[in-house]
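Residue numbers (the working numbering): 1 to 247.
Single-structure report; data block below.
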Amino acid sequence: MRKKIIAGNWKMNKTPKEAAEFCRMIKEKAASNEAEVVFCVPFVDLYPVLEELRGSGIGVGAENMHFEDSGAFTGEVSALMLKEMGVEYVVLGHSERRQYFGETDETVNKKVKKALAAGLVPIMCCGETLEQREAGITIEWVRMQVKCGLLGVSAADAAKVVVAYEPIWAIGTGKTATSEQAQEVCHAIREVLTEMYGKETAEQMRVQYGGSVNAKNAAELFAMADIDGGLVGGASLKEEFVSIVHY
Ligand code: PEP
Numbered sequence: 001m002r003k004k005i006i007a008g009n010w011k012m013n014k015t016p017k018e019a020a021e022f023c024r025m026i027k028e029k030a031a032s033n034e035a036e037v038v039f040c041v042p043f044v045d046l047y048p049v050l051e052e053l054r055g056s057g058i059g060v061g062a063e064n065m066h067f068e069d070s071g072a073f074t075g076e077v078s079a080l081m082l083k084e085m086g087v088e089y090v091v092l093g094h095s096e097r098r099q100y101f102g103e104t105d106e107t108v109n110k111k112v113k114k115a116l117a118a119g120l121v122p123i124m125c126c127g128e129t130l131e132q133r134e135a136g137i138t139i140e141w142v143r144m145q146v147k148c149g150l151l152g153v154s155a156a157d158a159a160k161v162v163v164a165y166e167p168i169w170a171i172g173t174g175k176t177a178t179s180e181q182a183q184e185v186c187h188a189i190r191e192v193l194t195e196m197y198g199k200e201t202a203e204q205m206r207v208q209y210g211g212s213v214n215a216k217n218a219a220e221l222f223a224m225a226d227i228d229g230g231l232v233g234g235a236s237l238k239e240e241f242v243s244i245v246h247y
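This is how it looks when you write it as structure tokens:
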């Protein structure tokens with residue numbers, strides 16, 4: 001039985017002070033015995049959020065990292081730095097990073113491997129554009145992203161990875177995929193994971209849905225057979241996140 005994972009992705013929101021205040025306000029209400037709850041936050045918020053959430057049962061993640069351990073990469077942060085701070089998760093390959101910051105399947109793959117080597121749980125994002133959906137290539141596209149992102153990752157390591165299916169047309173638009181659309185792609189992801197790693201590993205791996213998840217649609221989405229929780233953007237910045245966790 002897979003444990004659901006419900007992760008907030010704050011994007012570039014909340015100053016360190018706002019982050020600490022929000023966590024103080026929400027931590028008891030958002031903690032859950034049934035689901036793994038995580039806040040993925042901007043780098044500068046990691047320290048106050050880790051401090052505030054210590055002992056709460058809520059995990060902390062970063063929204064990106066570099067694929068090298070150290071060196072001349074001005075402005076970047078390594079997996080080792082995150083791990084040493086107490087960070088446990090890292091979002092990799094979010095569509096906003098692919099769109100605005102040149103993230104590719106190749107860099108996502110390098111980052112996934114480095115995160116795993118450092119003992120972080122990668123939340124590896126994939127998803128199609130509206131144009132790709134309308135052209136009928138969603139499944140092929142997402143299968144390829146998953147295969148490339150996990151290239152060279154062993155089954156034992158892959159079992160720790162969380163795959164987040166996020167149709168780009170549904171991110172921050174208020175336009176959610178129907179539960180059937182989301183299930184269809186999450187099921188296809190499980191199939192490609194089965195081809196790559198066998199049924200036992202694929203059945204252990206969590207596949208999330210992300211894209212305008214809110215308090216109203218979470219229950220229906222998370223009830224689908226292959227959807228093991230959500231990656232939540234806008235709604236994770238508000239108290240609404242509590243209702244999503246306790247869907
Ligand atoms: C996201 O940031 O990954 C996301 C899905 O955003 P939103 O929930 O706001 O669509």
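Beta carbons are placed, not taken as given, at the ideal position from N, Cα and C, and that holds for glycine.
What you are looking at is a predicted structure, and each value in this text was computed from that prediction instead of being measured.
Can you tell which of the options has its C-alpha closest to the C-alpha of residue i?
{"i": "Val77", "options": "Gly136, Lys3, Ala118", "result": "Ala118"}
{"i": "Glu140", "options": "Ile58, Ala35, Cys186, Ala156", "result": "Cys186"}
{"i": "Ala19", "options": "Gly57, Glu239, Ser243, His246", "result": "Glu239"}
{"i": "Ala215", "options": "Phe241, Ile227, Leu237", "result": "Phe241"}
{"i": "Glu184", "options": "Thr201, Ala202, Val213, Ala225", "result": "Ala225"}
{"i": "Gln145", "options": "Gly93, Lys113, Val161, Ile171", "result": "Gly93"}
Where do the N-terminal and C-terminal ends of the alpha helix (DSSP H) with residue i fall, by residue?
{"i": "Phe222", "result": "218-222"}
{"i": "Ile26", "result": "16-30"}
{"i": "Leu130", "result": "130-134"}
{"i": "Ile139", "result": "138-149"}
{"i": "Ile244", "result": "240-245"}
How far does the beta strand (DSSP E) with residue i in it extend, from its first residue to its last?
{"i": "Asn9", "result": "5-9"}
{"i": "Gly61", "result": "59-62"}
{"i": "Tyr197", "result": "Counting along the chain, Tyr197 falls outside any beta strand (DSSP E), though it belongs to the alpha helix (DSSP H) covering 179-197."}
Taking the beta carbon of residue i as the centre, do at least 16 other beta carbons fall within 10 Å, making it buried, or is it exposed?
{"i": "Phe73", "result": "exposed"}
{"i": "Leu120", "result": "buried"}
{"i": "Arg97", "result": "buried"}
{"i": "Met124", "result": "buried"}
{"i": "Thr104", "result": "exposed"}
{"i": "Met25", "result": "exposed"}
{"i": "Glu128", "result": "buried"}
{"i": "Tyr100", "result": "exposed"}
{"i": "Asn33", "result": "exposed"}
Does the count of Cβ pairs from the stretch 6-20 and the stretch 36-45 closer than 8 Å reach three?
Here the stretch 6-20 lies against the stretch 36-45, with 3 or more beta-carbon pairs under 8 Å apart.
Using 8 Å as the cut-off, can you tell me whether the stretch 188-202 makes contact with the stretch 151-167, which would need three or more C-beta pairs spanning the two stretches below that distance?
yes
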